[in-house]
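The numbering of the sequence shown is the UniProt record's numbering, which starts it at 1 and goes up by one.
Note that beta-carbon positions come from the ideal geometry of N, C-alpha and C, so glycine has one too.
Just below is one structure, and these are the notes that go with it.
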Amino acid sequence: MELLTLFALAVGLCFDTFAVSISSGLMKREITFKQALRIAIVLGAFQGLMPAIGWFLGISIKEYIQEWDHWIAFILLAILGGKMIYESFSKGDDKEFDPLNVKVMVGMAIATSIDALIVGVSFGMFEVNLPLAVIVIGGVTMFASMLGIFLGKKTGAHLGEKIEVLGGIILIAIGVKIVVQHLWFA
């Protein structure tokens, strides 16, 4: 996988984390840099490591599904992208939460990295530099988390609710790119 594609994938995967981070900044306006960094590290670590776990799952089933791998990756990415777009228009739970609470932080990290686990399964079907993928996805997510927290702290609530639409579109576009490359350029 090309570095630019990997970076685009990382950006697409981090939009839900970015949205959660904006919410965290909105909820905890007195959050310090150190506290925001702690949240960003946890979110980035989960988001970066989930594709590695998915990769191990994907590599173990590669020989059985190699003929269909591009379609599987497309379907998974399209479903995830569609889900992100749909959820961006759904009414969420307005219950206040404390993003500095360890249980809440880990819960946010798991919830926002499930899609990265599924994407990691597709990594097992393609040639992906796994350590680089972990670093890029984790790093982009950490940066997006820090940006989201401070953006939420400084600004209003509207951006956090709809930012997942762009993330969903990016994931779907990457799925289409995989199919197009396989069908016409492989």
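- Taking the CA atoms as reference points, Arg29 sits about 14 angstroms from Val20.
- Measuring C-alpha to C-alpha distances from Val165 to each of Ser88, Gly138, Thr141 identifies Ser88 as the nearest.
- DSSP places Phe185 in the helix class (H, G or I) of the three-state scheme.
- Counting the other CB atoms within 10 Å of its CB gives Phe46 a total of 16 or more, which places it among the buried residues.
- Classified as buried, Thr141 has 16 or more neighbouring CB atoms from the shown chains inside 10 Å of its CB.
- Secondary structure in the segment 116-157: the alpha helix (DSSP H) runs of 4 residues or longer, each lying completely within the stretch, are 130-154 in chain order.
- Measuring C-alpha to C-alpha distances from Met1 to each of Val136, Met146, Ile31 identifies Val136 as the nearest.
- The Cβ-Cβ distance between Gly54 and Val121 falls below 8 angstroms.
- For Lys83, the uninterrupted alpha helix (DSSP H) segment begins and ends at 69-89.
- In this structure Val42 touches Ala109 by the C-beta definition: roughly 5 angstroms separates them, less than 8 angstroms.
- Judged by DSSP secondary structure, Lys34 falls within the alpha helix (DSSP H) whose first and last residues are 33-60.
- Residue state for Lys28 is assigned as coil, using DSSP reduced to three classes.
- Shortest Cα-Cα distance from Met84 to any of Gly168, Lys154, Phe74, Val106 involves Gly168.
- Ala36 counts as buried, since no fewer than 16 other beta carbons sit within 10 angstroms of its beta carbon.
- Asp98 sits in coil when the DSSP states are folded into three classes, being neither helix nor strand.
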